[in-house]
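Here the structure is laid out as structure tokens; the discussion comes afterwards.
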Amino acid sequence: MKLVVIGFGQCGCNIADEFYAINNHAKSIFNRKIEILTDAFAINTDEADLGGFRHIPKDRHHRIVIGGVRTFGHGVGKMNVDGAKIIKESYTVITDNILESRKFHETDGVLAIASGSGGTGSGAIGWAIKKLKERIEKPVYAAVVLPFGYEENGVTSYAITNTATCLKTVNQYADAVFLLDNERFARRGYSFARNLHQINLEFVNNFYDLFCAGEERRPQYLGSKVIDAGDIKQTLEGISSIGRGQIDLATFYRWSKEHFREEARESSAVAGALDKAMNNLSVSIDLKDARKILVLLTAQKGVITLNALEEVATLLQERAPRAVIRMGDYPRRGKEISLTLVASSLAKVVRVENLYLQAKDLFKQQAKLNRETQEQIQQLHQTGKELPSLD
Ligand SMILES: Nc1nc2c(ncn2[C@@H]2O[C@H](COP(=O)(O)OP(=O)(O)OP(=O)(O)O)[C@@H](O)[C@H]2O)c(=O)[nH]1
Ligand SMILES: [Mg+2]
């Protein structure tokens, strides 16, 4: 599957840049020689932030400043309402650049990415998707990043209200919305920058085999059940979560399947990879709430037996009895088994439900706080009313 990736705001641009990097990796003649992106764009109100990543081309058609007249290139400072206003005035620059990009005709869809809790990306992504959907027939997917727990504290925190309003808007227009929960992957002992980089890297790597599998042309790397763009499009709908689990087959793994222990070892490696993939899902969910599931098993040719596939299928059917399950294999990679799991069309996501409830409460508390503040300011004016002023 080949996508156009668009990052909005700092977080969105960083993740889009990581997608650009894995595409370079996939394309390399020393690697798979497969393209999984047709182009990538970075959009921000903050001009300085557009210089902060490495891979997306530096020209003005790929790194686009919006709202320069309103913000003088300095961003909207967490006000996603302002981000939304700006995109309404400037979305044509984005849609035009995307539609005019050289390989747009080859793309299977668009992936728009932003954090929910910032200002620019959170405000811009929803409207941009709406406008893209009006111009193109291809699916438009979104990835929205949920905040770290510490960002959610306090009545005046924008993290919750911004994320909730962003999600509500994006969910109305996008064909599917991947959630990536920063809090779920936070590593307390790491620096903030390293946390972000690691989270971005792992999220993007989830898509690597999945997008490559359908673009593979060399017969030796074609699976017995290929997962292609059609399967992915059929699977993706509504709120979605993606995860990947990898088990390194021990170096002493014998490549002969004849010994009964090898069969058992491989089975438990596949089960282990599934377990890891479930634990690594980009947002925590209960699989029973998924209505669509896609699984891709990637390992060297001959490693994955029918038995192992059946075991994964049975386990998933037990865990997600109401889901349509699509499964495929991809004979790639070295001495490891990698399992990619997509849970889509989610009927319930506790994290989102909580964000919505907290946001409703916060809006009420913030309105009350504003009223009280206005009253206090009025009182102060009253107290100083009889003093002479110097103008
Ligand atoms: N996973 C991840 N999260 C990030 C990254 N950069 C920022 N965030 C998170 O995104 C939120 C802040 O959003 P930004 O993307 O910086 O905001 P913006 O869209 O640029 O909006 P403004 O700067 O307010 O105009 C916070 O919750 C951060 O924790 C990143 O590279 N990766
Ligand atoms: Mg910013």
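Here the working numbering is used: the first residue of the sequence shown is 518, the next is one more, and so on.
The beta carbon of each residue, even a glycine, is placed where N, CA and C say it ideally should be.
heavy atom of ligand 2 below 8 angstroms from residue i C-beta
i    : result
T562 : yes
T680 : no
Q895 : no
G492 : Residue 492 lies beyond the range of the chain shown here (518 to 908); nothing can be said about it.
D534 : no
G592 : yes
G526 : yes
D566 : yes
Residue span of the beta strand (DSSP E) that contains residue i, given as start and end
i    : result
Q763 : 755-765
T815 : 807-815
R587 : Looking at the DSSP string, R587 is not in any beta strand (DSSP E); the run it does join, the alpha helix (DSSP H), is 585-588.
G845 : 841-847
I560 : 554-561
G524 : 520-525
V582 : 580-582
Proximity winner among the options, relative to residue i (alpha-carbon distances)
i    : options                : result
G851 : Y738, L554, V869       : Y738
F880 : L823, Y847, V662, T673 : T673
L697 : P664, F728, A884       : P664
R701 : S801, M844, I894, A659 : S801
D806 : L833, Q899, Q715       : L833
F728 : T680, G526, E552, C528 : E552
E828 : D803, L791, N797       : L791
I749 : L858, I539, V522       : L858
S618 : N871, A767, I523       : I523
Q715 : E669, A703, Y725       : A703
N531 : F695, L567, F547       : L567
Cut-off 8 angstroms between Cβ atoms - residues of its own chain near residue i, not counting five sequence neighbours on either side
i    : result
D765 : K852, E853
K902 : none
I894 : none
F621 : V521, T555, D556, I615
L798 : S758, I759, G760, L858, A860
Q751 : K809, R843
Element boundaries [alpha helix (DSSP H), containing residue i]
i    : result
A681 : 675-690
Y658 : Taken as a continuous stretch (DSSP letters only), Y658 belongs to no alpha helix (DSSP H), being part of the beta strand (DSSP E) at 657-663.
S607 : 597-616
R701 : 699-702
T624 : Run containing T624: none; DSSP gives neither H nor E here.
N717 : 709-722
V866 : Neither: V866 is in no alpha helix (DSSP H) and is coded neither H nor E.
T831 : 823-836
D726 : 725-732
R652 : 637-652
V744 : Looking at the sequence itself, residue 744 is Ile, so the reference to Val does not match. Element bounds for I744: n/a, residue is neither H nor E.
6 angstroms CB neighbourhood of residue i in its chain, flanking five on each side removed
i    : result
F769 : Bear in mind that a pLDDT of 47 at F769, under 50, signals an unreliable position, so the number given afterwards is only what the model happens to contain. Closer than 6 angstroms at the Cβ level, and outside the excluded window around F769, lies no residue.
D534 : F570, H572, I573
F525 : I560, A631, G638, A641, I642
Y537 : A557, H572, I573
M518 : D625, F728, G731, A746, I749
L856 : G762, A790, L791, A794, L814
T588 : T562
Proximity test, residue i beta-carbon vs ligand 1 heavy atom, cut-off 8 angstroms
i    : result
Q875 : no
V909 : This structure cannot settle anything about residue 909, because the visible part of the chain is limited to 518 through 908.
S674 : no
N797 : no
K595 : yes
A631 : yes
H579 : no
H572 : no
L872 : no
I716 : yes
L886 : no
S639 : yes
P838 : no
L879 : no
N688 : no
Beta-carbon contacts of residue i that lie in its chain and below 7 angstroms, excluding the five residues immediately before and after
i    : result
E783 : V820, T822, A825
L718 : E535
L646 : The question names Leu, but residue 646 in the sequence shown is Ile. Within the same chain, I646 has close Cβ partners A629, V657, A659, V687, Y690, A691.
C528 : A631, S632, G635, G638, V662
A681 : L872, Y873, A876
A786 : I764, L766, I854
Proximity test, Cβ basis, 9 angstroms: residue i and chain C
i    : result
G755 : The chain inventory of the structure shown lacks chain C, comprising one protein chain alone.
Any non-hydrogen atom of ligand 3 closer than 8 angstroms to residue i Cβ
i    : result
L823 : Ligand 3 is not part of the structure shown, which contains ligand 1 and ligand 2 as its ligands.
Original post:
If we count Cβ pairs, one from each stretch, closer than 8 angstroms, do we get three or more for the segment 754-765 versus the segment 848-868?
Top reply: yes
Original post:
Using 8 angstroms as the threshold, is the segment 837-844 in touch with the segment 721-739, meaning 3 or more CB pairs across them?
Top reply: no
**OP:** Say whether the segment 628-644 touches the segment 589-601, bearing in mind that this needs 3 or more beta-carbon pairs closer than 8 angstroms, one atom from each stretch.
**Re:** yes
Subject >> Cβ contact (3+ pairs, closer than 8 angstroms) linking the segment 604-612 and the segment 641-657 >> reply: yes
Original post:
Are the segment 820-837 and the segment 871-888 in contact at 8 angstroms, needing three or more beta carbon pairs?
Top reply: no
Original post:
Okay, do the segment 651-658 and the segment 616-629 touch, 3+ Cβ pairs below 8 angstroms being the bar?
Top reply: yes
Subject >> Cβ pair count under 8 angstroms reaching 3, the segment 575-589 against the segment 610-622 >> reply: yes
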